[in-house]
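First up is the structure itself, then whatever we jot down about it.
Numbering (our numbering), first residue to last: 68 to 200.
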């Protein structure tokens, strides 16, 4: 058949040289390591920096979480209300992650601006508060 004739196989005389070329250090160094077929410098190094920054962020946030319950107890919150305070961010994330992600996929910059505006409003509300009640 014509399809099989179009495939050119190496002759037995050249087969050992092809195998030797594939195993040489030069052949392996010529092919740069890649992630998802993208060059390492394009993907791996920025990804490592992003993962490191996420680790620092979550360690910082995680270090504060155990103290929230102690602070809540010190200001007189009941155990149930303390649980609500601790679980509210997780519940909000579970409820809003999908719709917010869809919005961010459609309109990235407006989603970022809306998120930053939400942070500004919450920070201003915290700064303006004169107490807990």
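Virtual Cβ for every residue (Gly too), placed ideally from N, Cα, C.
For this session: Give a yes or no on whether the C-beta atoms belonging to residue 135 and residue 116 are separated by under 8 Å.
Result: By one-based count along the chain shown, residue 135 stands at place 68. By one-based count along the chain shown, residue 116 stands at place 49. No, these two residues do not count as a Cβ contact at 8 Å.
Problem set entry | Cross-strand partners of residue 113 (DSSP beta bridge) | Stepping through the chain shown from its first residue, residue 113 is reached at position 46. Residue 113 is not bridged to any residue.
Problem set entry | Range covered by the alpha helix (DSSP H) that runs through residue 144 | In the chain shown, counting from the first residue as 1, residue 144 sits at position 77. From DSSP, residue 144 is part of no alpha helix (DSSP H); its letter is neither H nor E.
Exercise. For residue 178 versus residue 171, is the C-beta spacing smaller than 8 Å?
Worked result: Here residue 178 is taken as the residue at index 111 of the chain shown, counted from 1. Here residue 171 is taken as the residue at index 104 of the chain shown, counted from 1. Contact: yes.
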